[in-house]
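See structure below.
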Ligand code: AMP
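Residue numbers (our numbering): 23 to 383.
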């Protein structure tokens with residue numbers, strides 16, 4: 023029996039454990055927050071990153087350690103690496119924790135991305151507006167997710183006001199994209215890869231609402247080649263996702279996530295092997311499973327609201343996932359995957375889910 027240590031105890035850690043327990047894996051979670059939703063599925067260590075750094079032995083019962091989110095102290099990870107294998111290798115987080123470095127890696131690998139400029143002062147902001155045009159998107163370089171730390175500056179005064187709040191920022195050209203899509207890939211330490219089909223994504227207010235699996239998407243080859251390039255560059259092991267904008271037939275990488283990803287949740291019921299199982303397989307050194315879809319599948323996030331599971335159960339092909347988190351506005355508290363044998367049936371089932379969520383899907 024092998025024990026996997028997971029840094030973080032949120033819904034991604036929970037879904038990793040739900041995939042790993044049937045494989046005979048055990049879990050220990052480390053998180054600074056008590057009462058995390060994954061904790062009921064293994065042993066929990068409540069410890070801030072400084073205490074993991076001071077005593078990485080708190081995770082010594084694990085055979086291998088992975089993570090479910092990106093804002094983890096690198097120093098703690100490097101200490102941990104001295105006593106246990108950490109997979110993927112933490113160096114990718116040094117890049118991921120700074121949006122500027124993330125963009126620079128895209129450029130160095132010839133992965134197209136929206137034009138950008140670092141902004142540390144009002145003067146930088148004015149120059150960025152000249153070069154990139156207005157409106158532009160200002161993002162905090164660190165700790166941004168789900169649209170947090172992000173504003174669309176429409177004019178110079180708004181731009182200057184946003185910059186005056188301080189901090190290191192990244193300005194990006196505002197992309198009037200035709201659609202957003204992502205590809206989730208898995209790589210093993212010995213360099214074999216598999217890629218899930220393209221997922222087409224709809225965000226509202228910076229938060230993912232809906233992900234549709236699009237088998238045979240014309241952008242799959244190009245997008246998965248970019249995911250492969252990133253994974254090979256980092257000698258990556260595990261699941262990694264890249265989100266793209268499509269504009270006028272071309273792709274622009276928005277960001278990568280070195281972990282299991284919300285746009286891959288449909289794979290639990292919609293693919294031969296889920297992204298969670300495949301991440302664990304890569305982490306413990308097993309062969310990855312097939313990433314082929316098994317049906318038409320769509321995932322709908324439940325944000326700040328959960329329908330009654332018995333109502334979801336009445337919709338054929340709908341699968342409810344409740345994360346066990348307190349309900350708060352803008353918070354992802356669950357998701358529903360809808361599956362069907364045909365596109366027409368899928369749309370009908372999605373309309374029924376939309377009625378439960380009180381929004382069109
Ligand atoms: P992010 O925090 O980078 O994942 O961005 C969250 C969402 O904001 C994206 O999925 C897009 O819908 C939107 N967004 C981010 N960057 C841009 C951009 N440069 N142009 C237009 N929309 C953007």
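Don't be surprised by glycine CBs; every beta carbon is placed ideally from N, CA and C.
These numbers come from a predicted model, not from an experiment.
DSSP places residue 323 within a strand segment (E or B) once states are collapsed to three. With a cut-off of 7 angstroms, the C-beta of residue 175 is classified as distant from the ligand AMP, since no heavy atom of the ligand falls inside that distance. Residue 172 has its CB nearer than 7 angstroms to a heavy atom of the ligand AMP. For residue 282, no beta strand (DSSP E) segment is defined, and its DSSP state is neither H nor E.
Ranking 38, 244, 365, 109 by CA distance to the CA of residue 283 puts 38 first.
Residue 140 has 192 as its beta-bridge partners, per DSSP.
If the five residues before and after residue 224 are omitted, its C-beta is found closer than 6 angstroms to the C-beta atoms of 231, 232, all from its own chain and listed in chain order.
In this structure, the straight-line span from the alpha carbon of residue 161 to that of residue 195 is close to 11 angstroms.
Closest option to residue 139, judged by alpha-carbon separation, among 159, 47, 133: 159. Counting every other CB atom within 10 Å of its CB across the protein chains shown gives residue 288 a total of 16 or more, marking it as buried. If the five residues before and after residue 321 are omitted, its C-beta is found closer than 6 angstroms to the C-beta atoms of 233, 287, 288, 357, 359, all from its own chain and listed in chain order. Note: residue 26 is bridge-paired with 49, 86 in the DSSP secondary-structure output. Taking 8 angstroms as the cut-off, the Cβ atoms of residue 261 and residue 245 do not count as close.
Checking the 7 angstroms criterion, the Cβ of residue 197 is within range of a heavy atom belonging to the ligand AMP.
For residue 72, the closest of 97, 91, 55, 65 by C-alpha to C-alpha distance is 97. When DSSP states are grouped into helix, strand and coil, residue 176 belongs to the coil group. For the set 305, 238, 241, the Cα lying nearest the Cα of residue 258 is the one of 305. For residue 162, there is no enclosing alpha helix (DSSP H); the residue is found in the beta strand (DSSP E) stretching over 158 to 162. Here residue 308 is exposed. Its C-beta has fewer than 16 other C-beta atoms within 10 Å.
Two segments are said to touch when three or more pairs of C-beta atoms, one from each, lie closer than 8 angstroms; by this definition the region 59 to 75 does not touch the region 106 to 125. Contact check for residue 151 and residue 181: beta-carbon distance about 6 angstroms, within the 8 angstroms limit, so the pair qualifies. Selection 33, 24, 29 evaluated against residue 347 yields 33 as nearest (Cα-Cα). Around the beta carbon of residue 338, fewer than 16 other beta carbons sit within 10 angstroms, so the residue counts as exposed. If you draw a straight line from the Cα of residue 148 to the Cα of residue 183, it is about 12 angstroms long. Assignment of beta-bridge partners to residue 354 by DSSP yields 325. For residue 253, the CB contacts under 7 angstroms within the same chain, skipping 5 residues up- and downstream, are 207, 209, 215, 262 in chain order. Between the alpha carbons of residue 332 and residue 157 lies a distance of about 45 angstroms. In the assembly as shown, residue 155 is an exposed residue. Its beta-carbon has fewer than 16 other beta-carbons within 10 Å. Closest by C-alpha distance to residue 350, out of 327, 127, 335, 342, is 327.
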